[in-house]
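For reference, the structure discussed in these notes is given below.
2 protein chains.
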Amino acid sequence: MNSTPRGNRLHIAIFGRRNAGKSSLINALTNQDIAVVSNVPGTTTDPVYKAMEILPVGPVVMIDTAGIDDTGELGELRVRRSIEVLNKADMVLLVMDAGAGITEYEMDIAKRCQEKKLPVVAVLNKIDASPVTALQRQEAKERLGVEPVAVSALTREGISDLKIALVQAAPPSWDEQTIVGDLLNPGDVAVLVIPIDLAAPKGRLILPQVQTIRDILDHDAMAYMVKERELKECIRTLNKKPRMVITDSQAFLKADADTPPDVLLTSFSILFARYKGDLETLVAGAKSIEKLRPGDKVLIAEACSHHRMEDDIGTVKIPRWIRQIVGGDLDFHWSSGHRFPEDLAQYKLVVHCGSCMINRREMLSRIMQVQAAGVPIVNYGVCIAYVQGILRRALSPFPLIQEILDDED
Amino acid sequence: MNSTPRGNRLHIAIFGRRNAGKSSLINALTNQDIAVVSNVPGTTTDPVYKAMEILPVGPVVMIDTAGIDDTGELGELRVRRSIEVLNKADMVLLVMDAGAGITEYEMDIAKRCQEKKLPVVAVLNKIDASPVTALQRQEAKERLGVEPVAVSALTREGISDLKIALVQAAPPSWDEQTIVGDLLNPGDVAVLVIPIDLAAPKGRLILPQVQTIRDILDHDAMAYMVKERELKECIRTLNKKPRMVITDSQAFLKADADTPPDVLLTSFSILFARYKGDLETLVAGAKSIEKLRPGDKVLIAEACSHHRMEDDIGTVKIPRWIRQIVGGDLDFHWSSGHRFPEDLAQYKLVVHCGSCMINRREMLSRIMQVQAAGVPIVNYGVCIAYVQGILRRALSPFPLIQEILDDED
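Protein chains in written order, with full-length UniProt numbering: chain A, 1 to 409; chain B, 1 to 409.
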C-alpha cells in the first residue's frame, strides 16, 4: 500500500479559516497523535502536500492550504493560490468552526468547486464546544450547496461519519483501484491458476479473472493462464521466474505445492478483498475469529440476495468453519441487501460477502460503518483463507499486512 | 478440419425403404460423384458408418442403414438394429420416395425419434419424377410430425434447402464447435496478443478473447496473454516454442514481425470465422474479390443493426478496400438484421459481418442461402485479412484451406 505512486493517490485539498482546526482534523483523520507542524501564518502562501493514509479510505495526499487562509485581505495572490490548489485537487474538505458563521470565504470556495465540478465535503468542526443545531445545518446546506458533517477533531466524535462522507463524495476516478498491476513491473510474468470446474460458466471466465488479466496487460506485464494441473508444466516452460502466482482459492493447496517458495503466491479473493475494500482491516478482522466465544453474536452480511445453493457459503460453510474454530455454537445473524441491522455494536464480528455486486466505495462505507461501531469485519475470501490456514502464504505480496497475523494484541 | 475426432462429428442416421434413394442422397449431400458402394441387401443388418464432410455443415458421420430397411419382415432383429442406430445418432434423416406413400415403417421411425427427442429431417426424394403436392406435404407433416423437404438427388433440386434443414434441426450440442482447442495438444502454449486500445472495454476483455482463453484451458493447454509490445519479450521468456500465436487483427503486422517463422500465427478473426461459420467457404469468397468488376453488385450484410461509427467498417472501410482492389466503384447494397434481400443471385459477392450476435447455426444457414444462389460469400474478418495481405500467414494453422488461395480457377 505504501508503494502507491503519488499520482494515484486521492488528492484532498483542505480549506478553512485560521481557527477552523484544519491541522487537528487531519490528525484525527489519519489517527496520528503527533502534531503536524503548523506553518507560521503569513510566512508562505505555498500549499503543503502531505502523502498519508486514511484508513480504510486508502492513500491520499492532503493539500494543506494553511498558508492561504483568509487572514490577509482578499488579495489577488490568495485567490490565485486557491485556484491553483483547486486545479490539483480531486476533492475539497471545507472546514469551519461550528461556533463561527459561514462567511464569504467559504461560500467563494464552495462556488468555485461547483463551477469546477469538484466534490466538496463541508465540515462543522469543534462540536465539543459548539453543538450544531438543525438551523445551522440547514443554513450551511443552503449557502454551500452540501450537507455539512458535524465533527470534533478533539473528541473524535463524527470522524467515522466524515470518512464515510469522504468516500461517498470522492470522484468516480477514485474507484479505479488497481487489482494487481501496482505489484508488477513492466515485463513481469504473472501466472493465473484457474480451475475449470462445474461452477465455471461454460465457455467463459468469471469476471474477476477477466479483470485481473486486463489489469496485468494494462500495466505492461504478461498474464500466463493455466489450469491447476498444468501449473508445474507452465513454470517449467518459463526461463525466468514469474513475479507472482495468482490462484483461485479452490486450487490454493495444489498451487502452493507447485509454486517455488521464492515466488509470491496469492489468490483472486485476496486481491479482490484489497481491490474492493481494505485488506488490512479485513485481515485484522480474520484474526479476531480466534477471540470469539461460544454464544457470541456474529453477523453474516451479503450485499445482494442471491439464490442460495445447497451447502451455501454464507449460511452453511462459514458458520460451520467458525464453529469449529470456536469449539461451540455461536449466535449467527444474517442480513442481505442494502442495509445493515441498526445495532451493529451488539456483534463480536461481521463477516461480509465478497461484494461482487457492490463497488469499492460502497464496501468501504460498510467497513467504516462496522468499524465505527467498534466491531471487527472480515470478508468471505479472507475468512476462508484464514480458516483454511492459507492466509499467511496468500498475503506474501503484502508483507506489512502479513505482519498483522503475528501481532500480539 | 479433417482432423476432427470422430467423437465430435455430427452423427446422422439415414433411414428409408430400399428404393427411397438413400445412397444417391448421401452422394448429393457430400458432392461426391463417385457412387457409394451399395451393400447387397439382406446380406448384413449391420449399419455402415461413413465419416464425410457436408459443406458447409461440417464433418459428419453418416450412419447408413441400407442393410436394415423394411424389405424383410418386421423382424425382431431389424427393430433391434434400428434402435441401436437411434442410440448412436445425433439426428435422423428419414428418406422417402415422393412417389410412394408414407408407411408404418416411416411412422415407426418418426415415433421412436420423438420418444428419444432425436431431431428428424424428413425428405421426399425423387421430385424430378414425382412432383410433391401441397396435400402430400400436409399428410407427411401430420403423420411424421415434421415438415418434409422436397428434393431430387438426381437434379440436386432442393439439396441446399435440405442442408439448411439439417443445420437448423441439428441438436444443440452441435453448436459446440471448438475455437482453437482442436489445434492444440495438452501442455501446448498458445500466445494471445491483445492490443489495449481505446476501443477495448475498460477493465475488461472482449468476449472472443475470453472464449478463446477458456477454450485453450478446456483443452489442457496454456494461454499466455500479452500486449503486442510485449510479444517479443514473452517469447523470450519461454524455453519452448509456443504452438501458436493468436493476435488481434489490428496488431497482425507487429505480431508477424515478432513471431518466429516456424510458429503458427493466426488471428481471432480467422478462428472465429471458422468457429462461427465455414472458413473454407469464406476464404474461397475472399478470393473471388479479385474477379469483381467495376459496377458489380456487392451485398454487405450485417446480422444486427448496430450503431454506426465514423469510418464504419461495413459502410466505409470495406467498400473503400474493395474499390481499391477492383480499381473502380461498385454497386454496394446493404442489409441488416434477420433477413437477406430476396434476390441474392443478383450479387457477385456477399460480405457478411463477423456474426457476433448470431450463432454458428444461423451463420451457416446464411452461408448456405448465399451458396444456393451461386454467390460467393466472405465475412468481415476474412475479407480484411485478405485485403491487407495477411490472409495467407493467418491461415498457417489450416494448410488445406491455405491451398485454396493458390488454386487456379
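Just so it is clear, CB atoms sit at the ideal spot from N, CA and C, and this is done for glycine as well.
Open item on the list: Would B/Ala-345 and B/Gly-374 be called neighbours here (beta carbons separated by less than 8 angstroms)?
Closed with: Translated into positions along the second sequence, residue 345 of chain B becomes position 345. Translated into positions along the second sequence, residue 374 of chain B becomes position 374. Yes, the pair counts as a contact, with Cβ atoms nearer than the cut-off.
Open item on the list: When you compare the CB of A/Val-193 with every CB in chain B, is at least one pair closer than 8 angstroms?
Closed with: Taking the first residue of the first sequence as position 1, residue 193 of chain A is located at position 193. Not one chain B Cβ lies under 8 angstroms of A/Val-193.
Open item on the list: If the criterion is Cβ atoms closer than 8 angstroms, does the pair A/Leu-349 and A/Gly-285 meet it?
Closed with: As a first step, residue 349 of chain A is located in the first sequence; it is residue number 349 there, counting from the start. As a first step, residue 285 of chain A is located in the first sequence; it is residue number 285 there, counting from the start. Yes. Within cutoff.
TODO: Classify A/Gly-389 as buried or exposed, calling it buried when 16 or more other Cβ atoms lie within 10 Å of its own Cβ.
DONE: Numbered from its first residue, the first sequence carries residue 389 of chain A at position 389. With fewer than 16 other CB atoms across the displayed protein chains lying within 10 angstroms of its CB, A/Gly-389 is exposed.
- [ ] Can you give me the Cβ contacts of B/Ile-164 inside the same chain, cut-off strictly under 6 angstroms, excluding the 5 residues immediately before and after it?
- [x] Walking along the second sequence from the start, residue 164 of chain B turns up at place 164. Excluding positions up to five away in sequence, the list reads Ser-365 and Met-368.
Open item on the list: With DSSP as the reference, identify every bridge partner of A/Glu-302, one or two as the case may be.
Closed with: Counting from 1 along the first sequence, the entry for residue 302 of chain A is found at position 302. Answer is A/Ser-336.
TODO: To the nearest angstrom, report how far apart A/Ile-206 and A/Gly-16 are at their CA atoms.
DONE: By one-based count along the first sequence, residue 206 of chain A stands at place 206. By one-based count along the first sequence, residue 16 of chain A stands at place 16. Rounded to whole angstroms, A/Ile-206 and A/Gly-16 show a C-alpha spacing of 47 angstroms.
- [ ] Say whether the region 94 to 102 of chain A touches the region 130 to 147 of chain A, bearing in mind that this needs 3 or more beta-carbon pairs closer than 8 angstroms, one atom from each stretch.
- [x] They touch, by the three-pair rule.
- [ ] Assess, as a yes-or-no matter, whether the region 183 to 197 of chain A is touched by the region 223 to 241 of chain A under the definition of 3 or more beta carbon pairs within less than 8 angstroms.
- [x] Output reads yes: the region 183 to 197 of chain A touches the region 223 to 241 of chain A.
- [ ] Could you name the residues of chain B that A/Lys-240 contacts, counting a contact when the two beta carbons are closer than 9 angstroms?
- [x] Indexing the first sequence from 1 puts residue 240 of chain A at position 240. Those within 9 angstroms of A/Lys-240 in chain B are Arg-236 and Thr-237.
TODO: Output, in chain order, the set of chain A residues within a Cβ distance shorter than 9 angstroms of B/Arg-204.
DONE: As a position in the second sequence, residue 204 of chain B is number 204, starting the count at 1. The answer, in chain order, is Leu-207, Val-210, Gln-211 and Arg-214.
Task: Residue of B/Ile-12, B/Ala-134, B/Gly-21 and B/Ile-102 minimising C-alpha distance to B/Val-48 - done: Start at 1 with the first residue of the second sequence, and residue 48 of chain B comes out as number 48. For B/Val-48, the closest C-alpha among the options B/Ile-12, B/Ala-134, B/Gly-21 and B/Ile-102 is that of B/Ile-12.
Open item on the list: Spatial neighbours of B/Leu-405 within its chain, please: C-beta separation below 8 angstroms, excluding the five flanking residues on both sides.
Closed with: If you number the second sequence from 1, residue 405 of chain B lands on position 405. Counting only Cβ-Cβ distances below 8 angstroms, and skipping sequence neighbours, we find Val-283, Lys-287, Leu-391, Arg-392 and Leu-395.
- [ ] Tell me, please, whether the CB atom of B/Leu-217 is closer than 8 angstroms to any CB atom in chain A?
- [x] One-based indexing of the second sequence puts residue 217 of chain B at position 217. Cβ-Cβ to chain A under 8 angstroms: yes for B/Leu-217.
TODO: Report the neighbours of B/Ile-196 on chain A: residues whose CB is nearer than 9 angstroms to its CB, in chain order.
DONE: For the purposes of this step, residue 196 of chain B is identified with residue 196 of the second sequence, where counting begins at 1. Against chain A, a Cβ distance below 9 angstroms from B/Ile-196 picks out Arg-214, Leu-217 and Asp-218.
TODO: Report back the beta-carbon spacing between A/Leu-292 and A/Leu-330 to the nearest angstrom; my notes put them in contact at under 8 angstroms.
DONE: Against the first sequence, residue 292 of chain A aligns to sequence position 292. Against the first sequence, residue 330 of chain A aligns to sequence position 330. A/Leu-292 to A/Leu-330, Cβ: 6 angstroms. Contact.
TODO: Would you give the residue range spanned by the alpha helix (DSSP H) that residue 464 of chain A belongs to?
DONE: Summary: the structure shown does not reach residue 464 of chain A, with chain A confined to residues 1 through 409, and so no result is reported for it.
Open item on the list: The beta strand (DSSP E) that contains B/Lys-50, what's its start and end?
Closed with: In the second sequence, the residue the question calls residue 50 of chain B occupies position 50. Start and end: 48 to 54.
Open item on the list: If the criterion is Cβ atoms closer than 8 angstroms, does the pair B/Ala-122 and B/Ala-140 meet it?
Closed with: By one-based count along the second sequence, residue 122 of chain B stands at place 122. By one-based count along the second sequence, residue 140 of chain B stands at place 140. Cβ distance < 8 angstroms, so B/Ala-122 and B/Ala-140 count as in contact.
Task: N-terminal and C-terminal residue of the beta strand (DSSP E) that residue 410 of chain A is part of - done: Residue 410 of chain A is absent from the model: chain A starts at 1 and stops at 409.
TODO: Can you have a look at B/Asp-407 and say buried or exposed, based on whether 16 or more other CB atoms are within 10 angstroms of its CB?
DONE: Start at 1 with the first residue of the second sequence, and residue 407 of chain B comes out as number 407. The residue in question, B/Asp-407, is exposed, as its Cβ has fewer than 16 Cβ neighbours within 10 Å.
- [ ] Go ahead and pull the three-state DSSP assignment for B/Ser-24.
- [x] The sequence position of residue 24 of chain B within the second sequence is 24, counting from 1. The answer is helix: DSSP assigns B/Ser-24 an H, G or I state.
Open item on the list: Judging by CA-CA distance, which residue of B/Leu-77, B/Val-92 and B/Val-57 is the nearest neighbour of B/Asp-64?
Closed with: The residue you call residue 64 of chain B lines up with position 64 of the second sequence. Checked all of B/Leu-77, B/Val-92 and B/Val-57; the closest Cα to B/Asp-64 is B/Val-92.
Task: Test: A/Lys-254 CB closer than 8 angstroms to a CB of chain B - done: Sequence index remark: in the first sequence, residue 254 of chain A carries index 254 (1-based). No, its Cβ sits nowhere closer than 8 angstroms to a Cβ of chain B.
Task: Alpha-carbon to alpha-carbon, A/Phe-332 and B/Asp-248 - done: The residue you call residue 248 of chain B lines up with position 248 of the second sequence. The residue you call residue 332 of chain A lines up with position 332 of the first sequence. Their Cα atoms are separated by approximately 51 angstroms.
Open item on the list: I'd like to know whether the C-beta atoms of B/Tyr-275 and B/Gln-177 end up nearer to each other than 8 angstroms.
Closed with: Position 275 of the second sequence holds residue 275 of chain B. Position 177 of the second sequence holds residue 177 of chain B. Their beta carbons are under 8 angstroms apart, which means B/Tyr-275 touches B/Gln-177 by this criterion.
Task: Terminal residues of the beta strand (DSSP E) in which B/Thr-266 lies - done: Within the second sequence, the letter at position 266 stands for residue 266 of chain B. In the DSSP assignment, B/Thr-266 falls within the beta strand (DSSP E) that extends over 264 to 267.
TODO: Would you identify the three-state DSSP class for A/Leu-94, choosing helix, strand or coil?
DONE: Reading the first sequence from its first residue, position 94 is the one you call residue 94 of chain A. If DSSP states are grouped into helix, strand and coil, A/Leu-94 belongs with the strands.
TODO: Kindly indicate which three-state DSSP category B/Asn-19 falls into: helix, strand or coil?
DONE: As a first step, residue 19 of chain B is located in the second sequence; it is residue number 19 there, counting from the start. B/Asn-19: coil per DSSP, three-state reduction.
TODO: Could you tell me whether the Cβ atoms of B/Ile-300 and B/Val-263 are closer together than 8 angstroms?
DONE: To locate residue 300 of chain B, count along the second sequence from 1; it is residue 300. To locate residue 263 of chain B, count along the second sequence from 1; it is residue 263. Contact: no.
Task: B/Cys-113 burial status per 10 Å Cβ neighbour count (16 or more: buried) - done: Translated into positions along the second sequence, residue 113 of chain B becomes position 113. So B/Cys-113 counts as buried.
Open item on the list: Going by beta-carbon coordinates alone, are B/Ala-221 and B/Asp-188 separated by less than 8 angstroms?
Closed with: Walking along the second sequence from the start, residue 221 of chain B turns up at place 221. Walking along the second sequence from the start, residue 188 of chain B turns up at place 188. Closer than 8 angstroms, so yes.
Open item on the list: I'd like to confirm the pairing. Which residues does DSSP put opposite B/Thr-281 in its beta bridges?
Closed with: As a position in the second sequence, residue 281 of chain B is number 281, starting the count at 1. Paired residues: none, contrary to the question.
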